[in-house]
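Have a look at the structure below before the remarks.
There are 2 protein chains.
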Amino acid sequence: MENFIFRAPTHMYFGKGQIKHLPEILKEYGKNVLLAYGGGSIKKNGIYDKVLEVLSDFNIIEFSGIEPNPRIGTVRRGAEICRQNKIDVILAVGGGSTIDCSKVIGAATFYEGDAWDLVKDSSKIGKVLPIVTILTISATGSEMNKGAVISNPETNEKLGTSSVNMYPKASILDPEYTYTLPAIQTSAGTADIMSHVIENYFKKTEGAFLQDKISEGILKTCIKYCPIALKEPKNYEARSNLMWASSLALNGLCGSGKEGSWSCHPIEHELSAFYDITHGVGLAIITPRWMRYILSDKTVDKFACYAINVWEFENEEDKFALAKKGIDATEKFFKDCGIPMNLGKLGIDDLLLEKMSNAAVAHRNLKNAYVPLDAKDVYNILKMCL
Amino acid sequence: MENFIFRAPTHMYFGKGQIKHLPEILKEYGKNVLLAYGGGSIKKNGIYDKVLEVLSDFNIIEFSGIEPNPRIGTVRRGAEICRQNKIDVILAVGGGSTIDCSKVIGAATFYEGDAWDLVKDSSKIGKVLPIVTILTISATGSEMNKGAVISNPETNEKLGTSSVNMYPKASILDPEYTYTLPAIQTSAGTADIMSHVIENYFKKTEGAFLQDKISEGILKTCIKYCPIALKEPKNYEARSNLMWASSLALNGLCGSGKEGSWSCHPIEHELSAFYDITHGVGLAIITPRWMRYILSDKTVDKFACYAINVWEFENEEDKFALAKKGIDATEKFFKDCGIPMNLGKLGIDDLLLEKMSNAAVAHRNLKNAYVPLDAKDVYNILKMCL
Numbered sequence: 463m464e465n466f467i468f469r470a471p472t473h474m475y476f477g478k479g480q481i482k483h484l485p486e487i488l489k490e491y492g493k494n495v496l497l498a499y500g501g502g503s504i505k506k507n508g509i510y511d512k513v514l515e516v517l518s519d520f521n522i523i524e525f526s527g528i529e530p531n532p533r534i535g536t537v538r539r540g541a542e543i544c545r546q547n548k549i550d551v552i553l554a555v556g557g558g559s560t561i562d563c564s565k566v567i568g569a570a571t572f573y574e575g576d577a578w579d580l581v582k583d584s585s586k587i588g589k590v591l592p593i594v595t596i597l598t599i600s601a602t603g604s605e606m607n608k609g610a611v612i613s614n615p616e617t618n619e620k621l622g623t624s625s626v627n628m629y630p631k632a633s634i635l636d637p638e639y640t641y642t643l644p645a646i647q648t649s650a651g652t653a654d655i656m657s658h659v660i661e662n663y664f665k666k667t668e669g670a671f672l673q674d675k676i677s678e679g680i681l682k683t684c685i686k687y688c689p690i691a692l693k694e695p696k697n698y699e700a701r702s703n704l705m706w707a708s709s710l711a712l713n714g715l716c717g718s719g720k721e722g723s724w725s726c727h728p729i730e731h732e733l734s735a736f737y738d739i740t741h742g743v744g745l746a747i748i749t750p751r752w753m754r755y756i757l758s759d760k761t762v763d764k765f766a767c768y769a770i771n772v773w774e775f776e777n778e779e780d781k782f783a784l785a786k787k788g789i790d791a792t793e794k795f796f797k798d799c800g801i802p803m804n805l806g807k808l809g810i811d812d813l814l815l816e817k818m819s820n821a822a823v824a825h826r827n828l829k830n831a832y833v834p835l836d837a838k839d840v841y842n843i844l845k846m847c848l
Numbered sequence: 463m464e465n466f467i468f469r470a471p472t473h474m475y476f477g478k479g480q481i482k483h484l485p486e487i488l489k490e491y492g493k494n495v496l497l498a499y500g501g502g503s504i505k506k507n508g509i510y511d512k513v514l515e516v517l518s519d520f521n522i523i524e525f526s527g528i529e530p531n532p533r534i535g536t537v538r539r540g541a542e543i544c545r546q547n548k549i550d551v552i553l554a555v556g557g558g559s560t561i562d563c564s565k566v567i568g569a570a571t572f573y574e575g576d577a578w579d580l581v582k583d584s585s586k587i588g589k590v591l592p593i594v595t596i597l598t599i600s601a602t603g604s605e606m607n608k609g610a611v612i613s614n615p616e617t618n619e620k621l622g623t624s625s626v627n628m629y630p631k632a633s634i635l636d637p638e639y640t641y642t643l644p645a646i647q648t649s650a651g652t653a654d655i656m657s658h659v660i661e662n663y664f665k666k667t668e669g670a671f672l673q674d675k676i677s678e679g680i681l682k683t684c685i686k687y688c689p690i691a692l693k694e695p696k697n698y699e700a701r702s703n704l705m706w707a708s709s710l711a712l713n714g715l716c717g718s719g720k721e722g723s724w725s726c727h728p729i730e731h732e733l734s735a736f737y738d739i740t741h742g743v744g745l746a747i748i749t750p751r752w753m754r755y756i757l758s759d760k761t762v763d764k765f766a767c768y769a770i771n772v773w774e775f776e777n778e779e780d781k782f783a784l785a786k787k788g789i790d791a792t793e794k795f796f797k798d799c800g801i802p803m804n805l806g807k808l809g810i811d812d813l814l815l816e817k818m819s820n821a822a823v824a825h826r827n828l829k830n831a832y833v834p835l836d837a838k839d840v841y842n843i844l845k846m847c848l
């Protein structure tokens, strides 16, 4: 196990009706609240009205229209509004896009240069407005971590940044808020959760047994409950397990003490940067192809472990056959959850594969991944995804 | 899943040589450090010298001799020393006893009444001196939570208290510091970790699947690595997995979202209060007997789950036989780890069983346990332990 520093300072208010705690949470920071949200689904499902109701004593400035794969231009506009309105705290109501965008808005508010600097170089992040979140989709884990991913459509870049100052102060996780999600978002969100775990499960360090057991537990939770949530959208047990899995998948429990860069996320970020596709869908498409591509004598034992401990296959002598069963099960699971499992189905052809492959290698240290990847490898994996 | 609030604000510095961070951690709070420790093992294994070396710029006031099952008189003395020396921060170097005692010293320093009030009524805990810990045994999880257990030998009481102000600000977890532990402490510490998980695994709420998967993962970690640590005390992989398991077993991951009181801890606390035995040894003795005692048509499914998912028995039709296999394995495991598995071996006879049983029921709400227990039940369980 490698050395690590673990922090999880966000106060997690989990369960039905926990929004009642919102006034006491926010008043610690001040009266002026930036209410940040996305395309308006929170107006349809009643969360917006509920927020305004419990916050009747606060000054609410609205900032809506945060897009999926949130853009740096949106961050700039948000920061300007925070400065103009002397915002004390940002309330991000939504999924990872809204929360990520809010984090960087919070940082950009106090930054004199251009906000994109903070994405390119996280060391430039200093003071950050307090962030409080109300989660509406189980997916990115942004509600319990310090990271944010922002896109720059001018440069076709989608990059991550992070700062200990960007941890949300508190997050409200009410599983009932996910009852009205479109099925594809439940599936794509689950794929995102699973990808966060898989990225950390397949790392270079061996002997981080406890982290791997936790990882297997989160994956089993997704495998058990995503199909139930799809069939019965108001199944509280399913929604609550998926929601808590979202937060624990990327708060450091799975990755702490394990060395190495991620593999599928850097590749997917290029897909989203060039084609603006749904992050979780891209990950679901890439993950099993990446698995097949890196399966070798060196990795087969770990994949056999994955097949047994995650997908509950019986141990068998032929490790490669076993490993393939686990990979096949992964691909079939995403497909059965209704995710289109080919890039072609998203209207993506091979036109930009090379450009995206080069960009993936340029933006991230894929040489330090579980199995080192160069641009040619990324190209081959993307080709398998078509 | 029940509603819950999860917090884990302690910064965990995990790994070899992380003590190097100590000066930067402490200087945030001030120059005057109360160095709290136990019987002096830290002088033998070099940790004491290392602490003094890295803290050469601080004013160190020593407070040694904190006993296992730390006593309220020790808390009172410690608080007096903190006040006299204008202590800014308490550095607790040791295991759960030292850390628990330090937490309540930190609270008592600012409390005008008698320190025992803070144990009897946690709502009286207000301001607390910042606590920083250096862990020397994997066991109680106190390094990452807000709880503390203090004994009062005058009244034969051993009671828990807690406050969000008692979370350690930071904890240094260097697995190498556990290399020189006596074997029985490695075993008893592991039994304590496992008991924390088991208390939360067997609770009234169903459907907290993710919490149970994490619980099973921590138990498997203990089952795998305690025997290795006993055989090879300097096996870093074993020591690191056990140490991280210690912290995660009782930081809320296993118990959040599950309703009900604990069962074995309340019973063991009476044993320790009356006979001052090692906490983990008491838990190891009680746990399998409690399991046998509460096994019934109502609980057999959960015990069958436990047998399959923790001890890896094959599923079988006879659920009771399966459940018993899991319980037998639990008892055998503790025995194989060298724990004396009968109270008689600790010199305890049936003289005070009734008194302890009545006290257990008086001190804790055992009616709200997974299977409700009255004084007669506790007596029967203790009788099985003789």
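In the order they appear, the protein sequences are chains B and C.
Just so you know, we're using this note's numbering here: the first sequence kicks off at 463 and counts up by one.
Just so you know, we're using this note's numbering here: the second sequence kicks off at 463 and counts up by one.
We put the beta carbon where it would ideally sit given N, CA and C, even for glycine.
Everything numeric in this text was worked out from a predicted model, so none of it was measured.
Within chain B, the C-beta atoms nearer than 9 Å to that of residue 707 of chain C come from 672, in chain order. Within the segment 787-816 of chain C, not one residue has a Cβ closer than 8 Å to any Cβ of chain B. Only those residues of the segment 609-628 of chain B whose C-beta falls short of 9 Å from the nearest C-beta of chain C would be listed, and there are none. By the neighbour-count criterion, in which a residue is buried when 16 or more other Cβ atoms sit within 10 angstroms of its Cβ, residue 665 of chain B is buried. Contact of residue 682 of chain C with chain B by beta-carbon distance below 7 Å involves 675. Residues of chain B whose Cβ lies closer than 8 Å to the Cβ of residue 473 of chain C are, in chain order, 467, 468 and 469. The residues 848, in chain order, have a CB closer than 8 Å to that of residue 806 of chain C in the same chain once the five nearest residues on each side in sequence are set aside.
For the segment 710-725 of chain B, residues whose beta-carbon sits nearer than 8 Å to a beta-carbon of chain C comprise 710, 715, 718 and 719. Under the three-state reduction of DSSP output, residue 614 of chain B falls in the strand class. Scanning C/568, C/639, C/574 and C/640 for the CA closest to the CA of residue 609 of chain C turns up C/568. In summary, residue 540 of chain C is buried, with 16 or more beta-carbon neighbours lying within 10 Å of its beta-carbon over all protein chains present. Residue 520 of chain C and residue 555 of chain C do not touch by the CB rule: their CB atoms are close to 14 Å apart, not below 8 Å.
Per the DSSP secondary-structure output, residue 623 of chain C pairs in a beta bridge with C/610. By the neighbour-count definition (other C-beta atoms within 10 Å, threshold 16), residue 546 of chain C is an exposed residue. Around the beta-carbon of residue 626 of chain C, fewer than 16 other beta-carbon atoms lie within 10 Å, marking it exposed. When the five nearest sequence neighbours on each side are left out, the beta carbons in the same chain lying within less than 6 Å of the beta carbon of residue 628 of chain B are those of 565, 590 and 608, in order along the chain. In this structure, residue 491 of chain B lies away from residue 483 of chain B, with their beta-carbon atoms at least 8 Å apart.
Boundaries of the beta strand (DSSP E) harbouring residue 556 of chain C: 551-556, taken from the DSSP string. Per DSSP, residue 638 of chain B is not a residue of any beta strand (DSSP E), being assigned neither H nor E. By the Cβ neighbour-count rule, residue 824 of chain C is exposed, with fewer than 16 other Cβ atoms within 10 Å of its own. Chain C places a beta carbon closer than 8 Å to that of residue 480 of chain B, counting this residue as a contact.
In the structure shown, residue 656 of chain C adopts helical secondary structure according to DSSP, grouped into three states.
Within the same chain, and ignoring the five residues on either side of residue 829 of chain B in sequence, no residue has its Cβ closer than 6 Å to its Cβ. In the DSSP assignment, residue 846 of chain B falls within the unbroken alpha helix (DSSP H) covering 837-847. Residue 795 of chain C and residue 695 of chain C have their alpha carbons spaced roughly 18 Å apart. Within chain B, the residues placing a beta-carbon under 8 Å from that of residue 477 of chain C are 463, 464, 465, 466 and 719, ordered along the chain. In terms of beta-carbon proximity, residue 575 of chain B stays away from the interface with chain C, with every pair separated by 8 Å or more. Residues of the segment 542-571 of chain C that bring their beta carbon within less than 8 Å of a beta carbon in chain B are absent altogether.
By the criterion of a C-beta distance shorter than 7 Å, residue 785 of chain C is surrounded in its chain by 757, 762, 765, 766 and 769, once the five residues flanking it on both sides are discounted. The CB of residue 693 of chain C never comes closer than 7 Å to any CB in chain B; the least such distance is about 16 Å. Straight-line measurement puts the Cα of residue 651 of chain C at about 26 Å from the Cα of residue 839 of chain C. The C-alpha of residue 733 of chain B is placed about 19 Å away from the C-alpha of residue 582 of chain B. In this model, residue 553 of chain C and residue 596 of chain C are separated by some 7 Å (Cα to Cα). Note on the segment 725-797 of chain B: there is no whole beta strand (DSSP E) run with a minimum of 3 residues. For residue 690 of chain B, the closest of B/632, B/727, B/649 and B/593 by C-alpha to C-alpha distance is B/649. At least one C-beta of chain C is nearer than 8 Å to the C-beta of residue 686 of chain B.
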